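J.:
Chains as they are written, first to last, in our numbering: chain A, 759 to 1232; chain B, 237 to 637.
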């Protein structure tokens, strides 16, 4: 059994929808603030990859023996999505990769399973949330992912008490095939949730042997906003212990919500503090963590990389037009160009190039050192044959050598930006640039790679890497 | 090992070229039949005298039957060639080699493309099943990479570059305006070109070649037999073809201001033809102006201008029809569109007219009639900067002394 969380990483998409723009389009009050929006080329799989990369970048992070992915909005059914995440993270084939999908409650179970595992396990919680146009889910939801690497040694936070309360009741549901959730009358859910939450919370404290007043940080998360609000008021914890509510800016991240909140707390907590997490989802689950002396070093790494929840929540771009948001979510069909549809990648071709397509592995010539993207068997420079070593460049930055803005290529977010990237330490690749302002792209711009869904054709998602500007370089 | 070429060993003795345009009323078979009729009439021979055929088409048909069936050929060999945008030139090159080898006495190279039946704009084609990792950039986007790179390297401002690209399009449209075979036969003002909607990077609609249907054909025999068919054949001086290893898309030392494939094929062709100063020795050049920055860069790669100076030469009118070295006097891809298989042979057709003094007077180039130059160049490239194929031919109206 793992002793605790040894590393974490979160990913909030670049785009924000300003809630005012919904109101301007619908003519109805739509509240204030923003919500996070996964871009047209992102899904729960790509969000999971980005969060996972950040967790695994932690200094001294052990290689996970298993990867558990939880999302209520899987990119594929039948086919495991965690295998794509594992491949994009460059994890070895010996790493188990499993989906724990379905209701948002599975997210908590995923963390519990990782905690109970016998070796280092990466738990990733990912969600892309939408709702009917003009509705509460569309307005209040958000998209994001959180990854927690659990391990036996070097934990930054250790669980010291856990409890659950389950019940069968109808509050929020969706029949397979539907894209939007149904909810029962709000007051009913509140009535059921509040006692369940208080029971689970009390039991977890009891198991941990601590009192509510001793808690330094308390996270209450759930999709039933009213129940969450009422529960918070009745926990008997110190007021300042309640975690910052970032939903006005990032929205409610569903299955990823408590994970991102926990990461946010870990990024500000002191060693030896108590953190309680209470999640309301078809019942209630609670866990109490105690942070360790290993925490500050991990915090520094996240702060230096500007990958904290706070930094991400404060970044991004909030001028996303509402119509474009609806287009990305498939609610509005744009006129296609007079061009053939993109081809779906072939299963054998994609599998043969797994190390490239998912792992972003270049090949480096063992004789002369020339780096090839995509990997080749014959050296471009010295013509040596089959003297290559794979080299993962997913985390290597590069510089724009030249660029274009393609107004003809089809995209759900035109125009397409094309860049030629020269990687630090050698190698060149021509690819798309995403999460960027076409007016600001320039020769010499610094970029990093991000895993995206390029397009979906004939029911096949085409995943690959794109460049994006290094934060602050555009 | 050497590229020796077949200078003056074969000659073109007849050519045909259909009008290029939106042939809603003609299919591939019609275009092939039209170009063939013109070519054999030009050589004054019956079709049955031709021993073998090379058909260039990228996507308008597969196998030699694409040609043999509509022409009802008498069980003759037909090779079907494809080599991206140099497809028509590739058919011509291989046909020439077959004659030079002695295998056949009289052959025909013909190119065709029917682009307008697809319902799509631009070029389409089926590719092998891929892994989905190629950037889905359009052709204009790939070639528009050249402009900012050129500006960056030579200190040319974006506004100056826009003027240069605009002038290239303006010049080619001006040439096409007086060519009855061109798709677009109207001059276009620089203001209209510069203000056209952006397609990719700095490129507007008028920086891109058109999309058309067309076909062109050439009849080739041994040089010593040329007199049987015509008093003024066109001699083949050089044929060079290069397929690049894709260095530029992989090697950071490539700076997107040149096509190495073009440099290599030009060097090879000039060597075969004995050309030392192309700018003063050539009477004309038909080059692959798929997009305006391509033509700019080609002026340097083909040795018509020093590195970093072509943009000034373009503005000075050096490559105008009445300039020092006319480039694309027929109007180029800009005015003709680019039916892939036909384009290379269409370029050759302009050499056929101009070098033999048979272009209509209003567009006959003075480098032939007044300066007495004898040589013309055709050039195609296919692919994209950093990763392409390039073809260069030199033809001439007289055998070398």
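Backbone N, C-alpha and C fix where the C-beta goes; we use that ideal spot for every residue, glycine too.
In this text the structure is predicted, and so the values were computed from the model without any measurement.
Report the CB separation of residue 1022(A) from residue 1002(A) in whole angstroms; it is logged as a contact under 8 Å.
T.: Start at 1 with the first residue of the first chain, and residue 1022(A) comes out as number 264. Start at 1 with the first residue of the first chain, and residue 1002(A) comes out as number 244. With a Cβ gap of about 7 Å, residue 1022(A) and residue 1002(A) count as contacting.
J.: Is there a Cβ of chain A sitting closer than 7 Å to that of residue 388(B), yes or no?
T.: Position 152 of the second chain, counted from the start, is the residue given in the question as residue 388(B). So, interface residue.
J.: Taking the continuous beta strand (DSSP E) assigned at residue 885(A), which residues delimit it?
T.: Here residue 885(A) refers to the residue found at position 127 of the first chain. Looking at the DSSP string, the run of the beta strand (DSSP E) that includes residue 885(A) is 879-885.
J.: Please list the residues of the region 477-489 of chain B that have a C-beta atom closer than 7 Å to any C-beta atom in chain A, keeping them in chain order.
T.: Within the region 477-489 of chain B, the qualifying residues are 481, 483, 485, 486, 487, 488.
J.: Mind checking whether residue 632(B) and residue 610(B) have CB atoms under 7 Å apart?
T.: Here the question's residue 632(B) lines up with position 396 in the second chain. Here the question's residue 610(B) lines up with position 374 in the second chain. A contact, by the Cβ cut-off of 7 Å.
J.: Which residues in chain A sit within 8 Å of residue 367(B), going by Cβ to Cβ distance?
T.: As a working note, residue 367(B) is residue 131 in the second chain. The contacting residues are 1103, 1104, 1107, 1108, 1110, 1111, 1114, 1115.
J.: Could you give the DSSP three-state label for residue 624(B): helix, strand or coil?
T.: Locating residue 624(B) in the second chain gives position 388, counting from the first residue. Strand, per DSSP.
J.: Rounded C-beta distance between residue 971(A) and residue 996(A)? I'm assuming under 8 Å.
T.: Counting from one through the first chain, the residue named residue 971(A) turns up at place 213. Counting from one through the first chain, the residue named residue 996(A) turns up at place 238. That pair is a contact at about 6 Å.
J.: What residues in the region 1133-1154 of chain A bring their beta carbon closer than 7 Å to a beta carbon of chain B?
T.: 1138
J.: Given a cut-off of 7 Å on the beta-carbon distance, is the pair residue 1048(A) and residue 916(A) in contact?
T.: Within the first chain, residue 1048(A) is the residue found at index 290, counting from 1. Within the first chain, residue 916(A) is the residue found at index 158, counting from 1. A contact, by the Cβ cut-off of 7 Å.
J.: Closer than 7 Å by beta-carbon distance: list the chain B residues that pair up with residue 1164(A), in chain order.
T.: Counted from its first residue, the first chain places residue 1164(A) at position 406. When 7 Å is used as the limit between beta carbons, residue 1164(A) is near these residues of chain B: 373, 374, 377, 436, in chain order.
J.: Which first and last residues belong to the alpha helix (DSSP H) in which residue 291(B) is found?
T.: As a working note, residue 291(B) is residue 55 in the second chain. Element bounds for residue 291(B): not the alpha helix (DSSP H) but the beta strand (DSSP E), 288-292.
J.: Residue 812(A) and residue 1065(A): beta carbons closer than 7 Å?
T.: As a working mapping, residue 812(A) is identified with position 54 in the first chain. As a working mapping, residue 1065(A) is identified with position 307 in the first chain. Yes, these two residues count as a Cβ contact at 7 Å.
J.: Are there three or more Cβ pairs, one per stretch, closer than 8 Å when the region 511-530 of chain B is compared with the region 381-393 of chain B?
T.: Touching, yes, given that three or more Cβ pairs across the two stretches are closer than 8 Å.
J.: Just list the residues that DSSP pairs residue 906(A) with in beta bridges.
T.: Position 148 of the first chain, counting from 1, holds the residue named residue 906(A). Answer by DSSP bridge pairing, in chain order: 766(A), 881(A).
J.: Tell me, please, whether the region 316-331 of chain B touches the region 288-295 of chain B by the rule of three or more beta-carbon pairs shorter than 8 Å.
T.: By the Cβ criterion, the region 316-331 of chain B is in contact with the region 288-295 of chain B, since at least three pairs of Cβ atoms, one from each stretch, lie closer than 8 Å.
J.: Cutting at 7 Å between CB atoms, please list the residues of its own chain near residue 554(B), excluding the five before and the five after it.
T.: The sequence position of residue 554(B) within the second chain is 318, counting from 1. Once the five neighbours on either side are set aside, the close Cβ partners of residue 554(B) are 560, 561.
J.: Please classify residue 1028(A): is it buried, with 16 or more other beta-carbons within 10 angstroms of its beta-carbon, or exposed?
T.: One-based indexing of the first chain puts residue 1028(A) at position 270. Exposed, by the Cβ-count rule.
J.: In chain B, which residues lie less than 7 Å from residue 1201(A) when you measure between Cβ atoms?
T.: The count along the first chain starts at 1 and reaches residue 1201(A) at position 443. Chain B residues near residue 1201(A): 384, 388.
J.: Which first and last residues belong to the alpha helix (DSSP H) in which residue 951(A) is found?
T.: Counted from its first residue, the first chain places residue 951(A) at position 193. Note, residue 951(A): alpha helix (DSSP H), 944-966.
J.: Which partner residues does residue 1223(A) have in the DSSP bridge list?
T.: Numbered from 1 along the first chain, position 465 holds the residue referred to as residue 1223(A). Residue 1223(A) pairs with 1209(A).
J.: If we count the other Cβ atoms within 10 Å of its Cβ and call it buried at 16 or more, is residue 588(B) buried or exposed?
T.: Along the second chain, one-based indexing puts residue 588(B) at 352. When all chains shown are included, residue 588(B) counts as buried.
J.: Starting from the Cα of residue 1157(A), find the closest Cα among 1190(A), 795(A), 1206(A), 910(A) and give me that residue.
T.: Stepping through the first chain from its first residue, residue 1157(A) is reached at position 399. The option with the nearest alpha carbon to residue 1157(A) is 1206(A).
J.: Contact criterion: CB-CB distance below 7 Å. Does residue 1189(A) meet it with respect to chain C?
T.: The chain labelled as chain C is not found among the protein chains of the depicted structure, namely A and B.
J.: Between residue 264(B) and residue 448(B), what straight-line distance do the alpha-carbon atoms span, to the nearest angstrom?
T.: The residue given as residue 264(B) occupies position 28 in the second chain. The residue given as residue 448(B) occupies position 212 in the second chain. Taking the straight line from one Cα to the other gives about 12 Å.
J.: Residue 1161(A): buried (16+ other C-beta within 10 angstroms of its C-beta) or exposed?
T.: Here residue 1161(A) corresponds to residue number 403 of the first chain, with the count starting at 1. By the 10 Å Cβ count, residue 1161(A) comes out buried.
J.: Taking Cβ positions, are residue 1217(A) and residue 1129(A) nearer each other than 7 Å?
T.: On the first chain, residue 1217(A) is found 459 positions in, with the first residue counted as 1. On the first chain, residue 1129(A) is found 371 positions in, with the first residue counted as 1. In this structure, residue 1129(A) does not lie closer than 7 Å to residue 1217(A) by Cβ.
J.: CA-CA distance, residue 816(A) and residue 1058(A)?
T.: Residue 816(A) sits at position 58 when you count from the first residue of the first chain. Residue 1058(A) sits at position 300 when you count from the first residue of the first chain. Going from the Cα of residue 816(A) to the Cα of residue 1058(A) covers about 10 Å.
J.: With distances taken Cα to Cα, identify the nearest neighbour of residue 1137(A) among 523(B), 507(B), 483(B).
T.: Taking the first residue of the first chain as position 1, residue 1137(A) is located at position 379. Considering only 523(B), 507(B), 483(B), the residue with the shortest C-alpha distance to residue 1137(A) is 483(B).
J.: Take every Cβ of the region 345-356 of chain B, pair it with every Cβ of the region 372-382 of chain B, and state whether three or more of those distances are shorter than 8 Å.
T.: no
J.: Whose CA, out of 943(A), 998(A), 949(A), 918(A), lies closest to the CA of residue 967(A)?
T.: The residue given as residue 967(A) occupies position 209 in the first chain. Closest option to residue 967(A), Cα to Cα, is 918(A).
J.: Against residue 911(A), what residues of chain B qualify as contacts under a CB-to-CB distance less than 7 Å, listed in chain order?
T.: The residue given as residue 911(A) occupies position 153 in the first chain. Result: empty, since nearest Cβ-Cβ is about 38 Å, beyond 7 Å.
J.: According to DSSP, residue 346(B) sits in a beta bridge with which residue or residues?
T.: The residue labelled residue 346(B) in the question sits at position 110 within the second chain. 291(B), 453(B), per the DSSP bridge assignment.
J.: Could you name each continuous alpha helix (DSSP H) segment of 4 residues or more that falls completely within the region 1110-1163 of chain A, going from the start of the chain to the end?
T.: 1112-1115
J.: Counting beta carbon pairs with one atom in the region 778-796 of chain A and one in the region 857-864 of chain A, are three or more of them shorter than 8 Å?
T.: no
J.: Under 7 Å between C-beta atoms, does residue 320(B) make it to chain A?
T.: Mapped onto the second chain, residue 320(B) falls at position 84. False, the Cβ-Cβ gap to chain A never drops below 7 Å.
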